[in-house]
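For reference, the structure discussed in these notes is given below.
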Ligand SMILES: Nc1nc2c(ncn2[C@@H]2O[C@H](COP(=O)(O)OP(=O)(O)OP(=O)(O)O)[C@@H](O)[C@H]2O)c(=O)[nH]1
Ligand SMILES: [Mg+2]
Ligand SMILES: [Zn+2]
Ligand SMILES: [Zn+2]
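Residue numbers (the working numbering), protein chains in the order written: chain A, -6 to 107; chain B, 800 to 1019.
As structure tokens, this is what we get:
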């Protein structure tokens, strides 16, 4: 299950920042393209399990899934690709190139103030 | 409460190795194809037949990814092609660092084409770049014609799709599989995807796949 591996990388990065801030982290925001095959529940469950006993114990993860993007071959418009009926919202063409999926990014961490 | 902006890629360790692999393959001018499918759709059978039938035209080496055992590597070894087995010990996909190690153990200089057979799984392997030249999806007809609609990632990212086990269609066997639906759904997200209808068992349809492989090796 690759969510466990991702949870470990996340925990490592958050722990480093937590040591720097010397504060208690409460929430981390993550974003990723939907083709990253990440299941939020499994990721949160895995994170919760490995964060036990560390400074990150009990913190929340919020995952934002970014839609796929396409670029229209007809009018060059960049648009969010709707999986069921992918087409350009500007000119209606269904001829487009799929743009690379958004990577998995740790966007921000919230810390408690004393 | 206060917020700290991080903006850091999380899978960057995998991406670094993927980049190394990709640079290595470009430098050595080698084609490397990452084969992805559900368990049992016929990846190893396609590979053994392809290696044997292209023996006089291109030299193929294989990196085998499996959760456990070296059963598939043994099947490849029987064709006399060089092969390296990776066991992921439970992980649902290969990582670029594993492929990096495997490339060191293949006689890359003697090869034209390196196949990576990923762990049998239609979802996870598509999210982990290995530095390959391209991905190849395999779908066998008994898995159902709704797979490109239900598992879009791998079909969106692949250079080619092999629809395998076509010998089971209309052979007095009951299999409901609408090839046109698969083609249409795969092309919705990926206009340029190459489609090959094959039977790795009987060899039917394999010739156009071979021609595409040879052309891809030559145009590197
Ligand atoms: N009828 C038929 N059977 C096939 C064909 N290709 C493969 N098979 C059979 O399907 C089964 C699985 O084939 P494999 O080549 O081991 O599949 P795989 O994708 O490598 O499987 P994993 O590595 O376990 O994911 C075997 O029993 C093959 O003989 C085909 O074209 N037609
Ligand atoms: Mg196999
Ligand atoms: Zn997985
Ligand atoms: Zn348009």
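Heads up, the beta-carbon is just placed ideally off N, CA and C, and yes, glycines get one too.
Can you grab the Cα-Cα spacing for the pair residue 941/B / residue 841/B, in whole Å?
If you number the second chain from 1, residue 941/B lands on position 142. If you number the second chain from 1, residue 841/B lands on position 42. Their backbone Cα atoms lie some 11 Å apart in a straight line.
Runs of 4 residues minimum, wholly inside the stretch 905 to 956 of chain B: which ones carry the alpha helix (DSSP H) assignment?
946 to 949, 951 to 956
Assign residue 1016/B to one of three DSSP states: helix, strand, or coil.
As a position in the second chain, residue 1016/B is number 217, starting the count at 1. Residue 1016/B falls in the helix class under three-state DSSP.
Return no unless some Cβ of chain A is closer than 8 Å to the Cβ of residue 803/B.
Position 4 of the second chain, counting from 1, holds the residue named residue 803/B. It does: the Cβ of residue 803/B has a partner Cβ on chain A nearer than 8 Å.
Roughly how many angstroms separate the alpha carbons of residue 120/A and residue 93/A, rounded to a whole number?
There is no way to answer for residue 120/A, as the model of chain A reaches only from -6 to 107.
Could you tell me whether the Cβ of residue 58/A comes closer than 8 Å to any Cβ of chain B?
Residue mapping note: residue 58/A aligns to position 65 of the first chain, counting from 1. Not one chain B Cβ lies under 8 Å of residue 58/A.
Using 8 Å as the limit for Cβ to Cβ distance, is residue 988/B near chain A?
Against the second chain, residue 988/B aligns to sequence position 189. It does: the Cβ of residue 988/B has a partner Cβ on chain A nearer than 8 Å.
Residue 922/B versus chain A: which residues are under 8 Å apart at the beta carbon?
Reading the second chain from its first residue, position 123 is the one you call residue 922/B. Those within 8 Å of residue 922/B in chain A are 30.
Quick check on residue 49/A: buried or exposed, where buried means 16 or more other Cβ atoms within 10 Å of its Cβ?
Numbered from its first residue, the first chain carries residue 49/A at position 56. So residue 49/A counts as buried.
According to DSSP, is residue 811/B helix, strand or coil?
Stepping through the second chain from its first residue, residue 811/B is reached at position 12. Of the three classes helix, strand and coil, the one that applies to residue 811/B here is helix, per DSSP.
Closer than 7 Å, Cβ to any Cβ of chain B: which residues of the stretch 91 to 105 of chain A, in chain order?
91, 96, 97, 98, 99, 100, 101, 102, 103, 104, 105
According to the neighbour-count rule (16 or more other Cβ atoms, all chains shown, within 10 Å of its Cβ), is residue 68/A buried or exposed?
In the first chain, residue 68/A corresponds to position 75, counting from 1. With fewer than 16 Cβ atoms within 10 Å of its Cβ, residue 68/A is classed as exposed.
Collapsed DSSP secondary structure at residue 38/A in the structure displayed
Counting from 1 along the first chain, the entry for residue 38/A is found at position 45. In this structure, residue 38/A counts as helix in the three-state DSSP scheme.
My parser needs the beta strand (DSSP E) runs of 3 or more residues fully inside the stretch 839 to 909 of chain B; what are they?
859 to 865, 882 to 886
Between the stretch 43 to 73 of chain A and chain B, which residues of the former have CB atoms less than 7 Å from a CB of the latter, in chain order?
none
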